[in-house]
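Chains as they are written, first to last, in my numbering: chain F, 1207 to 1415; chain X, 18 to 229. In this text, a Cβ means the ideal position worked out from N, Cα and C, and glycines have one as well. Only a predicted model underlies this, so the values are computations on that prediction, with no experimental measurement involved. Take a look at the structure set out below.
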């Protein structure tokens, strides 16, 4: 009996000990519930030079955009940016994923003329001529709109930033399956090592050409 | 025809492998307005994984004193990383290092320093960009990469997603990646568990759950 109690105490101490050592080497999954979102990042007024700016319309296609309610809700903001870009004769580039053609772009945002179009998974520069298209047009700044924040938007924005482009992300014209994904991507874009100095967050109302 | 359609849908499913399709409000504002009301979803499940040593590479990203040494979470990860590195070497798994501009492999923290025959690449957060990393992996017949290092929201995020986009399988041990801010670790872990394309290719695990 006495011995049983001693064993129990020993086991308890061992558990505490294990818990303590786990604290030191705790992974983010152990700390998950205690990590709070930082304050929102700054969203800025931006005026861009139409001659050196391109608007990227990322994956506004059926059935990607049509699959995400928040993408459908972002269409008016995207349309506003698109119309402002066209009025200023800004280069507009469309993207989709492999096997989904440009004809699948949502009708509200349908391309005009022979708009450049690239097909790739989330990094729209990978194995496409997007970089060449931008450089051939003398582009220095890309405005990102589209879906999804945690796919095409973060991957293409970060690659553009690493290739030396300035990147402006129109938050209300981007979307993901969840607000949570949109939130951490907004934070990652302007806090990521190396990429953040080249990336600015804005909205369709705060963006002028 | 039917086959073509099904392939198209497979492609879409991969690209849109969406975040559990959790119901999200369809509002027409921006995420900054809703910032304070957004709840953190539950932690993703970690999975045990057994890898084939012949076709797997361990990527050791930016463990230099200049990067890792100034991030307490990275310094704290070194004992576990040393264990993983020793196990990988014992199993003859390929080990590839990265460093950033203006550093050398001599700057890598001693406990996890590269052996003489282990290759390295030098780049910003995407270690595939303007390096021969893709070629190094291809020449070794690598199909799976275990991605570790710092920062979670830099080298780990963009190199692992770059690997996924190049058709490699990705294994990320949460206790092998670190950043200056725990929110960066959390959002990066969540990305591997849920983001389009990347999540379909990735397994989120921890060092003790990786077997060679």
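Tell me whether residue 180 of chain X is buried or exposed, calling it buried when 16 or more other Cβ atoms sit within 10 Å of its Cβ. Stepping through the second chain from its first residue, residue 180 of chain X is reached at position 163. Buried.
Tell me the start and end of each unbroken beta strand (DSSP E) in the segment 1325–1390 of chain F that is at least 3 residues and wholly inside, in chain order. 1347–1353, 1372–1381
Show which residues of chain F have a CB atom less than 8 Å away from the CB atom of residue 58 of chain X. Here the question's residue 58 of chain X lines up with position 41 in the second chain. In chain order: 1384, 1386.
If you measure between the beta carbons of residue 161 of chain X and residue 1356 of chain F, is that distance less than 9 Å? Counting from 1 along the second chain, the entry for residue 161 of chain X is found at position 144. Counting from 1 along the first chain, the entry for residue 1356 of chain F is found at position 150. No, the pair does not count as a contact, with Cβ atoms beyond the cut-off.
Around the C-beta of residue 121 of chain X, are 16 or more other C-beta atoms found within 10 angstroms, so that it is buried, or is it exposed? Looking up residue 121 of chain X in the second chain gives position 104. Residue 121 of chain X is exposed by the Cβ-count criterion.
Inter-residue spacing [alpha-carbon to alpha-carbon] between residue 1372 of chain F and residue 1397 of chain F: The residue given as residue 1372 of chain F occupies position 166 in the first chain. The residue given as residue 1397 of chain F occupies position 191 in the first chain. Distance between the alpha carbons of residue 1372 of chain F and residue 1397 of chain F: 15 Å.
Interface residues of chain F around residue 178 of chain X at Cβ under 8 Å? Locating residue 178 of chain X in the second chain gives position 161, where the first residue counts as 1. Those are 1328, 1329, 1361, listed as they occur along chain F.
Identify every run of the alpha helix (DSSP H) within the segment 1230–1309 of chain F, keeping only runs that are complete inside it and at least 4 residues long; order them along the chain. Along the length of the segment 1230–1309 of chain F, whole alpha helix (DSSP H) runs at least 4 residues long occupy 1234–1237, 1275–1293, reported in chain order.
Residue 1369 of chain F versus residue 146 of chain X: straight-line alpha-carbon distance, rounded: In the first chain, counting from the first residue as 1, residue 1369 of chain F sits at position 163. In the second chain, counting from the first residue as 1, residue 146 of chain X sits at position 129. The straight-line gap from Cα to Cα measures roughly 9 Å.
Since residue 94 of chain X is in the alpha helix (DSSP H), which residue starts that stretch and which ends it? Residue 94 of chain X sits at position 77 when you count from the first residue of the second chain. Taken as a continuous stretch (DSSP letters only), the alpha helix (DSSP H) holding residue 94 of chain X covers 89–107.
Going by DSSP, what residues sit across from residue 12 of chain X in a beta bridge? Residue 12 of chain X is absent from the model: chain X starts at 18 and stops at 229.
In three-state DSSP terms, what is residue 226 of chain X? Position 209 of the second chain, counted from the first residue, corresponds to residue 226 of chain X. When secondary structure is reduced to three states using DSSP, residue 226 of chain X falls in the helix class.
Quick check: is the beta carbon of residue 49 of chain X nearer than 9 Å to any beta carbon in chain F? The residue labelled residue 49 of chain X in the question sits at position 32 within the second chain. Yes, residue 49 of chain X counts as interfacial toward chain F.
Residue 111 of chain X - containing beta strand (DSSP E), residue span: As a first step, residue 111 of chain X must be located in the second chain, where it is residue number 94. 111–116 is the span of the beta strand (DSSP E), which, as asked, contains residue 111 of chain X.
In terms of residues, what are the limits of the alpha helix (DSSP H) holding residue 55 of chain X? Reading the second chain from its first residue, position 38 is the one you call residue 55 of chain X. Per DSSP, residue 55 of chain X belongs to no alpha helix (DSSP H) and is neither H nor E.
Sequence-distant residues of its chain with Cβ nearer than 6 Å to residue 1267 of chain F (five each side left out): Walking along the first chain from the start, residue 1267 of chain F turns up at place 61. Counting only Cβ-Cβ distances below 6 Å, and skipping sequence neighbours, we find 1302, 1306, 1310, 1311.
State yes or no: is the C-beta of residue 1254 of chain F within less than 9 Å of the C-beta of residue 1400 of chain F? Along the first chain, read from residue 1 onward, the residue named residue 1254 of chain F stands at position 48. Along the first chain, read from residue 1 onward, the residue named residue 1400 of chain F stands at position 194. Against a cut-off of 9 Å, the Cβ pair of residue 1400 of chain F and residue 1254 of chain F comes out as no contact.
Compute the Euclidean distance between the alpha carbons of residue 148 of chain X and residue 159 of chain X, then round it to the nearest angstrom. In the second chain, residue 148 of chain X corresponds to position 131, counting from 1. In the second chain, residue 159 of chain X corresponds to position 142, counting from 1. Their backbone Cα atoms lie some 17 Å apart in a straight line.
If we ignore side chains and look at the alpha-carbon of each, how far apart do residue 1244 of chain F and residue 1360 of chain F end up? The count along the first chain starts at 1 and reaches residue 1244 of chain F at position 38. The count along the first chain starts at 1 and reaches residue 1360 of chain F at position 154. Those two C-alpha atoms are separated by around 18 Å.
Distance, residue 224 of chain X Cα to residue 1404 of chain F Cα: Residue 1404 of chain F sits at position 198 when you count from the first residue of the first chain. Residue 224 of chain X sits at position 207 when you count from the first residue of the second chain. Whole-angstrom Cα-Cα distance: 34 Å.
Would you grab the beta carbon distance between residue 1395 of chain F and residue 1413 of chain F for me? Rounded to a whole angstrom, and I think it's under 8 Å. Along the first chain, read from residue 1 onward, the residue named residue 1395 of chain F stands at position 189. Along the first chain, read from residue 1 onward, the residue named residue 1413 of chain F stands at position 207. Incorrect: roughly 15 Å between the Cβ atoms, too far for contact.
Residue of F:1341, F:1269, F:1402, F:1284 minimising C-alpha distance to residue 1259 of chain F: Position 53 of the first chain, counted from the start, is the residue given in the question as residue 1259 of chain F. Nearest C-alpha to residue 1259 of chain F: F:1341.
Would you call the CB atoms of residue 1300 of chain F and residue 1269 of chain F closer than 9 Å? What you label residue 1300 of chain F is simply residue 94 of the first chain in a count that begins at 1. What you label residue 1269 of chain F is simply residue 63 of the first chain in a count that begins at 1. No.
When burial is assigned at 16 or more other CB atoms within 10 Å of the CB, is residue 214 of chain X buried or exposed? The residue labelled residue 214 of chain X in the question sits at position 197 within the second chain. Label assigned to residue 214 of chain X: buried.
Pull out every residue of the segment 138–154 of chain X whose Cβ sits closer than 8 Å to any Cβ of chain F, in chain order. 141, 142, 143, 146
Keeping to the same chain, check which residues put their C-beta closer than 6 Å to that of residue 1261 of chain F; ignore five residues upstream and five downstream. Counted from its first residue, the first chain places residue 1261 of chain F at position 55. Within the same chain, residue 1261 of chain F has close Cβ partners 1291, 1296, 1298, 1349.
Check each candidate in X:134, X:124, X:125, X:173 and name the one with the smallest Cα separation from residue 141 of chain X. The residue you call residue 141 of chain X lines up with position 124 of the second chain. The residue with the shortest Cα to Cα distance from residue 141 of chain X is X:173.
Inter-stretch contact at 8 Å, needing at least 3 Cβ pairs: the segment 1278–1288 of chain F / the segment 1379–1394 of chain F: Touching, per the Cβ criterion.
Would you mind telling me which residues of chain X sit closer than 8 Å to residue 1413 of chain F, beta carbon to beta carbon, in chain order? By 1-based counting over the first chain, the position of residue 1413 of chain F is 207. Near residue 1413 of chain F there are no residues of chain X at all, since even the closest Cβ is about 12 Å away, more than 8 Å.
How many Å lie between residue 1320 of chain F and residue 1346 of chain F at the Cα? Residue 1320 of chain F sits at position 114 when you count from the first residue of the first chain. Residue 1346 of chain F sits at position 140 when you count from the first residue of the first chain. Residue 1320 of chain F and residue 1346 of chain F: Cα-Cα distance of roughly 21 Å.
Given that residue 1392 of chain F touches chain X, what residues does it touch there, using C-beta distances under 8 Å? Here the question's residue 1392 of chain F lines up with position 186 in the first chain. Simply 48, 49.
Suppose the cutoff is 7 Å on Cβ atoms and the five residues either side in sequence are ignored; what does the same chain contact list for residue 143 of chain X look like? Taking the second chain and counting its residues from 1, one reaches residue 143 of chain X at position 126. So the qualifying residues of the chain are 175, 176, 179.
Residue-level contact to chain X via CB, residue 1254 of chain F, 9 Å cutoff: Here residue 1254 of chain F refers to the residue found at position 48 when the first chain is read from its first residue. Chain X contact via Cβ: absent.
Could you tell me whether the segment 89–101 of chain X touches the segment 112–121 of chain X, where touching means 3 or more Cβ pairs closer than 8 Å? As far as the Cβ criterion goes, the segment 89–101 of chain X does not touch the segment 112–121 of chain X, which means the pair count is below three.
Starting from residue 150 of chain X, follow the alpha helix (DSSP H) in both directions and report where the run begins and ends. Stepping through the second chain from its first residue, residue 150 of chain X is reached at position 133. Element bounds for residue 150 of chain X: 150–156.
Distance between residue 58 of chain X and residue 219 of chain X (C-alpha atoms, nearest Å): Indexing the second chain from 1 puts residue 219 of chain X at position 202. Indexing the second chain from 1 puts residue 58 of chain X at position 41. Those two C-alpha atoms are separated by around 19 Å.
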